[in-house]
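Student:
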Amino acid sequence: MTGTARTRGRRWLRIRGRILERDPICMRCASADQVRESVIVDHIIPLAQGGTDDESNLRGLCTACHDAVTREQFGYRERKAFGADGLPADGEWS
5 MTGTARTRGR
15 RWLRIRGRIL
25 ERDPICMRCA
35 SADQVRESVI
45 VDHIIPLAQG
55 GTDDESNLRG
65 LCTACHDAVT
75 REQFGYRERK
85 AFGADGLPAD
95 GEWS
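In structure tokens form, the structure reads like this:
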């Protein structure tokens with residue numbers, strides 16, 4: 005899969021500034037009636053999946069929401085922790 009080229013440098017800094025000014029509160033938190041500051045500009049459709057740097061494809065998110073959205077979009081899941089004995093650290097077997 006070929007993605008879209010990422011905008012960099014001063015041009016990206018200008019775009020980023022406009023988005024964070026437009027979305028000062030995390031858009032995902034706001035939809036859940038929570039208030040957290042937007043600190044990351046997120047691509048709604050990731051560049052790797054054909055998204056663009058167009059402002060309609062960008063939104064402000066807090067770090068926690070950005071991390072969660074990225075994991076969802078790319079199919080990552082949390083790994084279970086294992087102890088030195090090789091057994092699950094939480095004591096659960098699956």
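Going by this note's numbering, the sequence shown opens with residue 5, and the numbers climb by one from there.
Just so it is clear, CB atoms sit at the ideal spot from N, CA and C, and this is done for glycine as well.
So for Val-45, helix, strand or coil by DSSP?
Tutor: Position 41 of the sequence shown holds residue 45. It is a strand residue.
Student: By DSSP's criteria, Arg-63 is part of a beta bridge. Which residues make up the other side?
Tutor: The residue you call residue 63 lines up with position 59 of the sequence shown. DSSP lists Asp-46 as partners of Arg-63.
Student: Check this for me: beta carbons of Gly-64 and Ser-42, under 7 Å apart or not?
Tutor: In the sequence shown, residue 64 corresponds to position 60, counting from 1. In the sequence shown, residue 42 corresponds to position 38, counting from 1. For Gly-64 and Ser-42, yes; Cβs fall inside 7 Å.
Student: Might you give, ordered along the chain, the residues of its own chain that have their beta carbon closer than 8 Å to the beta carbon of Asp-71, omitting 5 neighbours on each side?
Tutor: Stepping through the sequence shown from its first residue, residue 71 is reached at position 67. Answer for Asp-71: no residue qualifies.
Student: Compare the beta carbon distance of Arg-10 and Leu-62 with 7 Å and say whether it is the shorter of the two.
Tutor: The residue given as residue 10 occupies position 6 in the sequence shown. The residue given as residue 62 occupies position 58 in the sequence shown. No.
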